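2 protein chains.
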Amino acid sequence: MANLNLVESLVKERNAWPEDDVSVVLLVLDGVGDVRHPDFGMQTPLEKAHTPNLDSLAQKSALGRILPVDYGITPGSGPAHLGLFGYDPREVDIGRGVLEALGLDMDLEFDDLAARCNFCTMEDGVITDRRAGRPATEENVKLCSRLQVEISKIEDVEVIIQPGMGHRFAVIFRGPGLKEGVCDTDPHENGEPLHTPEPSRPEAEKAARIINKFQKLALDVLEGCEPMNAILVRGVAERPDIASMEDRFKLKAGAIATYPMYRGLSKLVGMNIIDTGTSVEDEFRSYKETRSDFDYHFIHVKGTDEAGEDGNFDHKVEVIEEVDSGIPMILEQNPDSLAITGDHSTPCPMKLHSWHPVPLLLHSNKCDIAGAERFTENECTTKGTLGIFHSMHMISLLLANASLLDKYGA
Amino acid sequence: MANLNLVESLVKERNAWPEDDVSVVLLVLDGVGDVRHPDFGMQTPLEKAHTPNLDSLAQKSALGRILPVDYGITPGSGPAHLGLFGYDPREVDIGRGVLEALGLDMDLEFDDLAARCNFCTMEDGVITDRRAGRPATEENVKLCSRLQVEISKIEDVEVIIQPGMGHRFAVIFRGPGLKEGVCDTDPHENGEPLHTPEPSRPEAEKAARIINKFQKLALDVLEGCEPMNAILVRGVAERPDIASMEDRFKLKAGAIATYPMYRGLSKLVGMNIIDTGTSVEDEFRSYKETRSDFDYHFIHVKGTDEAGEDGNFDHKVEVIEEVDSGIPMILEQNPDSLAITGDHSTPCPMKLHSWHPVPLLLHSNKCDIAGAERFTENECTTKGTLGIFHSMHMISLLLANASLLDKYGA
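The structure is reproduced here in structure tokens:
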């Protein structure tokens, strides 16, 4: 993290946890950023929502906007969260297989290989439907457990299979000498035969051999199971070897998230997973209950992104109002520094992740109060004492506002 | 300065000085930036101060905010000023010993080694008080001159000693073959013996030997002088070899500062020191009197930082008002471009340097007028035609506004 070395070098030495009672909080409203659009009354959900608690907090906070990756770049959840956690998302590569496995709540160990897979339909050696007619998830679950029973080990490599939705599942290969660099067996269009998983570099030879065997064994197991009679293996990737937030920023970090993907991303940077329920209130209560167990809490709210992807403006407003009503529960814990933001924007008119800079509210007892009335995209721009900056720098501001950074130079 | 090579390459060739009468002015109100805080009536000193001249100038100027080093990074005076002078403070390292020597108005030559030292108390070979009971400065001065008389040369190395405040003094070692890379002799806690000054790299062997001898000789000289009967040597550093502002930007630069540290920092980048008095008015008059002798004037006002570090809001307001009343004296000289800013923020509620972006006013006859009413943190944010940017880029703006940069490309 060339850009962040200086910050790391300035993080203060502190008394052993838990004697020193620091609380840094990152509250992520996934996809919260939005744009004004005539179809939605020229207001964003943050502007439309009734948010007395966020308004009051905004009046005592610094505001700004963050660029998840770079100008015009729309991030997936992986890079977007890495930026928020203080990692340069352009430097860390999280493979597709790894993200899929994390999203299915699988435990990835270092040196594991992960792949995302499809059930597909094959006739006369040719793929005729890459998604096997989009089967019901129950069919998927059944066949995955059959595969798991029949193929638990290949050579000295353990095979761990986890069903996903519809035609999708994930596989972890665990054993010595497995390196990424194996091409997809997916021909990426119908009418083609399965590709042989070739190694793209010598280190990946064993992995390619194991995956080749896996694919052939799967064909045997699935014989006669039309339309799910074959599999495609894609996005084979190692768990990235990322220095933990504790190593880099001396923060003992805990993650509160209702969705497995975000717990998995947290684990990649060494966070501890905190048990929680399913509602925003459950999540905020989990912060309260573990406030003194960690220096840093990441709290992830999923609903804003889902509503954005559905283009459901009213529901996005509701989720924001639900968060607003829980804000006092967080403030009662007196965090030393608190950021409220999103990992990216998911504008309702687009129904997709986007590149638009995300509104950010930063609160501490030494923040640069913006003089804003509300926490909205527009206020974060026009009253933005923090300006517009790359999200990976937010960790520096959170640390500085919690008095956790030494001075640079004399 | 990878980031600034382009600017350097575009600086116009000009007629020999003094025929071409350019005046670029950087007026630094040290630590001027502040934050709104309930304890201080939710106003910053710039907001509270009565500043008719700065207000009037702000209405005709571009505004913005500058990051001294980077997001969340609190700079010392060294890095903060290097940024203002157009140097990347993350690339240039000014050692502690060098800063101490500069702060005591010592003349550093290239290849000199500088160290900051403490008088300390030693009993039975163990340091019992690293600050020798915080002696009066007069005691320090007496013992320094005794050390100087007894130890003026070690081998072929000249030793130059300068007392500081209380227990502190600085030493310059001047002679061939001295390189930095010598560990502190300071054990950094009481109850430990003096460390031997080991070289951390082969090039520093001679320096380590000389400093070892210096320390032993000092022990002989100070025998019986309890509590100041030993010394600690710390932060041994070479004068950094920095290209001058004249070499980089073709600016013949002069510095007006009442404090030695800032004159010293100016000398590091090749500025000439201009004699001045002790008041802000004296400093502004020095600019007036030398306007045609230099292309670039750095004028340093210390009072704002001192007031901030004392948490003395009212005094910070007074210093700002004192500066305000002198502004016409500067404007009468029609500088081609004028920046008024700080090296960093020193918020009264914090009583410390901080990371908060510093308000910047940039005036020229071609600046991007902001439409602001006043020069305050908030106006610099909300009317910031210059945005928020790293302070090292300010030199480019000063040069451009003084018509000193060529076009880039055709």
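Top line first, the protein sequences correspond to chains A and B.
Using our numbering, read the first sequence as starting at 1184 and increasing by one per residue.
Using our numbering, read the second sequence as starting at 1184 and increasing by one per residue.
Even for Gly, the Cβ is constructed at its ideal location relative to N, Cα and C.
Bear in mind the structure is a predicted one, so any value in this text is a computation, not a measurement.
* Asked: Any Cβ of chain B within less than 9 Å of the Cβ of Phe1432 (chain A)?
  -> Here residue 1432 (chain A) is taken as the residue at index 249 of the first sequence, counted from 1. For Phe1432 (chain A), the answer is no, since every Cβ of chain B falls outside 9 Å of its Cβ.
* Asked: What's the call for His1371 (chain A), buried or exposed, on a 16-neighbour Cβ count within 10 Å?
  -> Start at 1 with the first residue of the first sequence, and residue 1371 (chain A) comes out as number 188. In this structure His1371 (chain A) is exposed. Its beta-carbon is surrounded by fewer than 16 other beta-carbon atoms within 10 angstroms.
* **Distance between Ile1344 (chain A) and Lys1534 (chain B) (C-alpha atoms, nearest Å)** => Here residue 1534 (chain B) corresponds to residue number 351 of the second sequence, with the count starting at 1. Here residue 1344 (chain A) corresponds to residue number 161 of the first sequence, with the count starting at 1. In this structure, the straight-line span from the alpha carbon of Lys1534 (chain B) to that of Ile1344 (chain A) is close to 58 Å.
* Can you check whether the CB of Leu1543 (chain A) is closer than 9 Å to the CB of Ile1523 (chain A)? -> Taking the first residue of the first sequence as 1, we reach residue 1523 (chain A) at position 340. Taking the first residue of the first sequence as 1, we reach residue 1543 (chain A) at position 360. With respect to the 9 Å criterion, Ile1523 (chain A) and Leu1543 (chain A) are classified as neighbours on the basis of their beta carbons.
* CB contact check: Lys1471 (chain A) to chain B, cutoff 9 Å -> Position 288 of the first sequence holds residue 1471 (chain A). Answer no: the Cβ-Cβ gap between Lys1471 (chain A) and chain B never drops below 9 Å.
* Along the alpha helix (DSSP H) that carries Ile1394 (chain A), what are the first and last residues, could you check? => Against the first sequence, residue 1394 (chain A) aligns to sequence position 211. Segment 1388-1405, the alpha helix (DSSP H) holding Ile1394 (chain A).
* Is any beta-carbon of chain A found at less than 9 Å from that of Ser1579 (chain B)? -> What you label residue 1579 (chain B) is simply residue 396 of the second sequence in a count that begins at 1. No, its Cβ sits nowhere closer than 9 Å to a Cβ of chain A.
* Asked: Using the beta-carbon count (16 or more within 10 Å), is His1233 (chain B) buried or exposed?
  -> Taking the second sequence and counting its residues from 1, one reaches residue 1233 (chain B) at position 50. When all chains shown are included, His1233 (chain B) counts as exposed.
* Could you tell me if Asp1309 (chain A) is buried or exposed, where buried requires 16 or more neighbouring beta carbons within 10 angstroms of its beta carbon? => Counting from 1 along the first sequence, the entry for residue 1309 (chain A) is found at position 126. In the sequence as displayed, the identity of residue 1309 (chain A) is Val instead of Asp. When all chains shown are included, Val1309 (chain A) counts as exposed.
* Hey, could you find the ends of the alpha helix (DSSP H) Met1444 (chain A) is sitting in? => To locate residue 1444 (chain A), count along the first sequence from 1; it is residue 261. Segment 1443-1451, the alpha helix (DSSP H) holding Met1444 (chain A).
* Proximal residues to Lys1336 (chain A) (C-beta, below 8 Å), its chain only, five neighbours per side dropped -> Mapped onto the first sequence, residue 1336 (chain A) falls at position 153. Within its own chain, the residues whose Cβ lies closer than 8 Å to the Cβ of Lys1336 (chain A), once the five positions on either side in sequence are excluded, are Val1342, listed in chain order.
* To do: Thinking Ala1298 (chain B) and Gly1418 (chain B) are a contact (beta carbons under 8 Å), I'd like their distance in whole angstroms, please.
  => Taking the second sequence and counting its residues from 1, one reaches residue 1298 (chain B) at position 115. Taking the second sequence and counting its residues from 1, one reaches residue 1418 (chain B) at position 235. About 6 Å separates the two Cβ atoms, so the contact holds.
* At what residues does the alpha helix (DSSP H) containing Cys1327 (chain A) begin and finish? -> As a working note, residue 1327 (chain A) is residue 144 in the first sequence. Here the alpha helix (DSSP H) through Cys1327 (chain A) covers 1320-1333.
* Asked: Per DSSP, which one or two residues make a beta bridge with Glu1306 (chain B)?
  -> As a working note, residue 1306 (chain B) is residue 123 in the second sequence. B:Val1309.
* Going along the chain, which unbroken runs of the alpha helix (DSSP H) with 4 or more residues stay wholly within the stretch 1228-1270 of chain B? -> Within the stretch 1228-1270 of chain B, the complete alpha helix (DSSP H) segments of 4 residues or longer fall at 1228-1231, 1235-1241, 1260-1267, listed in chain order.
* **Touch test, the stretch 1419-1428 of chain B against the stretch 1396-1410 of chain B, Cβ-Cβ under 8 Å, three pairs minimum** => Contact between the stretch 1419-1428 of chain B and the stretch 1396-1410 of chain B is not established, with fewer than three Cβ pairs separated by less than 8 Å.
* Asked: For Glu1505 (chain A), which residues does DSSP report across the bridge?
  -> Here the question's residue 1505 (chain A) lines up with position 322 in the first sequence. DSSP, once it has assigned bridges, lists no residue as partnering Glu1505 (chain A).
* Asked: Can you tell which of B:Asp1238, B:Asp1222, B:Val1194, B:Val1252 has its C-alpha closest to the C-alpha of Ile1571 (chain B)?
  -> Here residue 1571 (chain B) is taken as the residue at index 388 of the second sequence, counted from 1. With distances taken between Cα atoms, Ile1571 (chain B) lies closest to B:Val1252.
* Sufficient close CB pairs (3 or more, under 8 Å) joining the stretch 1483-1496 of chain B to the stretch 1573-1587 of chain A -> Here the stretch 1483-1496 of chain B makes no contact with the stretch 1573-1587 of chain A; the two share fewer than three CB pairs at distances below 8 Å.
* Asked: What three-state label does DSSP hand Val1275 (chain A) in the structure shown?
  -> Along the first sequence, one-based indexing puts residue 1275 (chain A) at 92. In the three-state scheme derived from DSSP, where H, G and I count as helix and E and B as strand, Val1275 (chain A) is classed as coil.
* Asked: Is it the case that the Cβ atoms of Asp1367 (chain A) and Val1416 (chain A) are separated by a distance below 9 Å?
  -> As a working mapping, residue 1367 (chain A) is identified with position 184 in the first sequence. As a working mapping, residue 1416 (chain A) is identified with position 233 in the first sequence. Cβ atoms of Asp1367 (chain A) and Val1416 (chain A): closer than 9 Å.
* To do: Spatial neighbours of His1264 (chain A) within its chain, please: CB distance less than 6 Å, with the 5 preceding and 5 following residues excluded, ordered by chain position.
  => As a position in the first sequence, residue 1264 (chain A) is number 81, starting the count at 1. Cβ within range, chain order: Leu1448, Asp1526.
* Pair every Cβ in the stretch 1186-1198 of chain B with every Cβ in the stretch 1497-1506 of chain B, then say whether three or more of these pairs are closer than 8 Å. => Cβ pair count under 8 Å is below three, so no.
* Asked: Does DSSP put Phe1524 (chain B) in a helix, a strand or coil?
  -> Position 341 of the second sequence holds residue 1524 (chain B). What sits at residue 1524 (chain B) in the sequence shown is Thr, not Phe. Thr1524 (chain B): strand per DSSP, three-state reduction.
* Asked: Does Gly1308 (chain B) get closer than 9 Å to chain A when you measure Cβ to Cβ?
  -> The sequence position of residue 1308 (chain B) within the second sequence is 125, counting from 1. No, because no Cβ of chain A sits closer than 9 Å to the Cβ of Gly1308 (chain B).
* **Cβ-based neighbour list, Gly1509 (chain B), same chain, cut-off 7 Å, excluding 5 preceding and 5 following** => Here residue 1509 (chain B) refers to the residue found at position 326 when the second sequence is read from its first residue. Sequence-distant Cβ neighbours of Gly1509 (chain B) in its own chain, meaning closer than 7 Å and more than five residues away, are Val1463, Glu1464, Phe1467.
* Asked: Would you call the CB atoms of Glu1381 (chain A) and Leu1296 (chain A) closer than 9 Å?
  -> The residue labelled residue 1381 (chain A) in the question sits at position 198 within the first sequence. The residue labelled residue 1296 (chain A) in the question sits at position 113 within the first sequence. Contact: no.
* Beta-bridge pairing of Gly1216 (chain A) - partner residues as DSSP gives them -> What you label residue 1216 (chain A) is simply residue 33 of the first sequence in a count that begins at 1. Beta-bridge annotation (DSSP): Gly1216 (chain A) is paired with A:Ser1528.
* Leaving aside the five residues before and after Asn1412 (chain A) along the sequence, list all residues of the same chain whose C-beta is less than 7 Å from its C-beta, in chain order. => One-based indexing of the first sequence puts residue 1412 (chain A) at position 229. Thr1304, Met1305, Leu1405, Glu1406.
* **Nonlocal neighbours in the same chain, by C-beta distance under 7 Å from Lys1243 (chain B), ignoring five residues either side** => For the purposes of this step, residue 1243 (chain B) is taken as the residue at position 60 of the second sequence. The residues are His1546, Ile1552.
* **Reduced DSSP category for Phe1293 (chain A) - H, G, I as helix; E, B as strand; rest coil** => Counting from one through the first sequence, the residue named residue 1293 (chain A) turns up at place 110. In this structure, DSSP gives Phe1293 (chain A) a state outside helix and strand, which the three-state scheme calls coil.
* Residues of the stretch 1537-1556 of chain A whose Cβ lies closer than 9 Å to any Cβ of chain B, in chain order -> Listed in sequence order: Asn1548, Lys1549, Cys1550, Asp1551, Ile1552, Ala1553, Gly1554.
* Through-space distance from Gly1269 (chain A) to Val1541 (chain A), alpha-carbon basis -> Taking the first sequence and counting its residues from 1, the one referred to as residue 1541 (chain A) is at position 358. Taking the first sequence and counting its residues from 1, the one referred to as residue 1269 (chain A) is at position 86. If I take the Cα positions, the gap works out to 16 Å.
* Asked: If we count the other Cβ atoms within 10 Å of its Cβ and call it buried at 16 or more, is Tyr1254 (chain A) buried or exposed?
  -> What you label residue 1254 (chain A) is simply residue 71 of the first sequence in a count that begins at 1. Tyr1254 (chain A) is exposed by the Cβ-count criterion.
* Asked: Taking Cβ-Cβ distances shorter than 7 Å, what residues in chain A pair up with Lys1565 (chain B)?
  -> On the second sequence, position 382 is the one that residue 1565 (chain B) refers to. Per the sequence presented here, residue 1565 (chain B) reads as Thr, with Lys not at that position. Against Thr1565 (chain B), the close residues of chain A are Thr1565, Lys1566, in the order they occur along the chain (beta-carbon pairs closer than 7 Å).
* How many Å lie between Ser1206 (chain A) and Glu1321 (chain B) at the Cα? -> Taking the first sequence and counting its residues from 1, the one referred to as residue 1206 (chain A) is at position 23. Taking the second sequence and counting its residues from 1, the one referred to as residue 1321 (chain B) is at position 138. Approximately 46 Å, taken between the alpha carbons.
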